[in-house]
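Counting with this note's numbering, you get residues 937 to 1226 for the letters of the sequence shown.
Beta carbons are placed, not taken as given, at the ideal position from N, Cα and C, and that holds for glycine.
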Amino acid sequence: MLSIKDLIFIFILKLHFYPTWDFMKKVLFPFYWILTIIVMTYTSSNAQSTSNKRYEAVEGKIVGIWPHNDRIKSPERLKELKDRWGFNYILLAAVYGEKEKSLANYAGFDSLHIMHQIYLPDLINDKELVIRNIKNVGKIWAYYFDEPISREHSYIQFLNLIKDLSNNGFYPHAKFIVSELDENKAARLLRISDAIMYSGYGNRAEMGLDQVKTWKEWKEYLGEKFSLTWISSDQDSSEYRTLFKAARDLGFNAVWFYALEPISEGEEVNDSNYEKFCEAAVEYGFMKLK
């Protein structure tokens, strides 16, 4: 069977020796339409195979996501995070509660795969409301505290919160996970946290290498409690492969996709960004194709 390349070669020869109108009608036009159909079929098939890709986390790995607020508003799009993109853990921001937990459950994230943010300033403004929201949400996998020392929150208040959660039966049932921007500040939280994340991102010009350097320094300084980290859908979008390779080499068991930003409504990153993230996760052993 002749290849497309052979057909084109024959066509050019005939065009050179028989450039007549009869030839145009009998050969050129049919050839043009056949070639067009072949190209369109190939393009459609290739696009279809890409859009139909589905992912899942590798056993023993956590690939979590802090979703864009637009996802929370759409049960079907929230469900897509699990069914299509393969995330097996999800973070609910502090502003969300029992209703959003139910939506996450519907999307396929059971309670043991949900992390809930606790925003420490809310404890100062309305502690009773925060504790009530925690009770309404119920038992989950983990509580997340975003940069408590860098944001100059009270260390005593943090300890009191642990006490309150313990008194209400939510701790140590759930993990305490904190993020920080400085390893020395993070070290102050080693005794009262189950895991520590780095919430900083590198300079785009460094293509992720400065971020990898920081991860290595944190790993040496903090040890096994630094075994998970954030990768940003916005600031790290050109560095997924570099960062996933480093996560694998450092022995991380969890990577979280920070997809909250750009935070404005309608500004969530597109599907190609998600696919690029997932492809890098597959390449370095965090995800696989279904």
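With H, G and I counted as helix, E and B as strand and the rest as coil, what does DSSP make of residue i?
i: residue 1168; result: strand
i: residue 1056; result: helix
i: residue 1174; result: coil
i: residue 1205; result: coil
i: residue 1218; result: helix
i: residue 1180; result: helix
i: residue 1081; result: strand
i: residue 993; result: strand
i: residue 1115; result: strand
i: residue 1225; result: strand
i: residue 1104; result: coil
i: residue 1045; result: coil
i: residue 1131; result: strand
i: residue 1193; result: strand
i: residue 982; result: The pLDDT assigned to residue 982 is 40, lower than 50, so where the model puts this residue is not dependable; a value taken from the coordinates is nonetheless given after this. Here residue 982 sits in helix by DSSP.
i: residue 1021; result: coil
Residues in its own chain within less than 6 angstroms of residue i by CB, not counting five upstream and five downstream?
i: residue 1210; result: 1021
i: residue 1226; result: 990 and 992
Does the distance from the C-beta atom of residue i to that of residue j stay below 8 angstroms?
i: residue 1055; j: residue 1078; result: no
i: residue 1124; j: residue 1070; result: no
i: residue 1080; j: residue 1113; result: yes
i: residue 1179; j: residue 1144; result: yes
i: residue 1002; j: residue 1190; result: no
i: residue 1201; j: residue 1006; result: yes
i: residue 996; j: residue 1015; result: no
i: residue 1049; j: residue 1067; result: no
i: residue 994; j: residue 1152; result: no
i: residue 1028; j: residue 1053; result: yes
i: residue 1109; j: residue 1075; result: yes
i: residue 1051; j: residue 1000; result: yes
Short of 8 angstroms in beta carbon distance, which residues of its chain neighbour residue i, apart from the five on each side in sequence? Order them along the chain.
i: residue 1161; result: 1126, 1129, 1130, 1131 and 1132
i: residue 1188; result: 1163, 1164 and 1165
i: residue 1089; result: 1056 and 1057
i: residue 1033; result: 1069, 1072 and 1073
i: residue 1158; result: 1119, 1122, 1123, 1126 and 1132
i: residue 1212; result: 1173 and 1176
i: residue 1097; result: 1054, 1056 and 1059
i: residue 1040; result: 1014, 1026, 1028 and 1050
Thinking residue i and residue j are a contact (beta carbons under 8 angstroms), I'd like their distance in whole angstroms, please.
i: residue 991; j: residue 1218; result: 7 angstroms
Could you tell me whether any non-hydrogen atom of the ligand FMN is closer than 7 angstroms to the CB of residue i?
i: residue 1033; result: Absence of the ligand FMN from the depicted structure is noted, as is the absence of any ligand whatsoever, leaving it without description.
Counting contacts by CB-CB distance shorter than 8 angstroms, is residue i in contact with chain C?
i: residue 1130; result: The chain labelled as chain C is not found in the depicted structure, where only one protein chain is given.
>> When you compare the stretch 1170-1185 with the stretch 1133-1143, are there three or more beta-carbon pairs, one atom per stretch, that lie closer than 8 angstroms?
In response: Contact holds: three or more Cβ-Cβ distances are below 8 angstroms.
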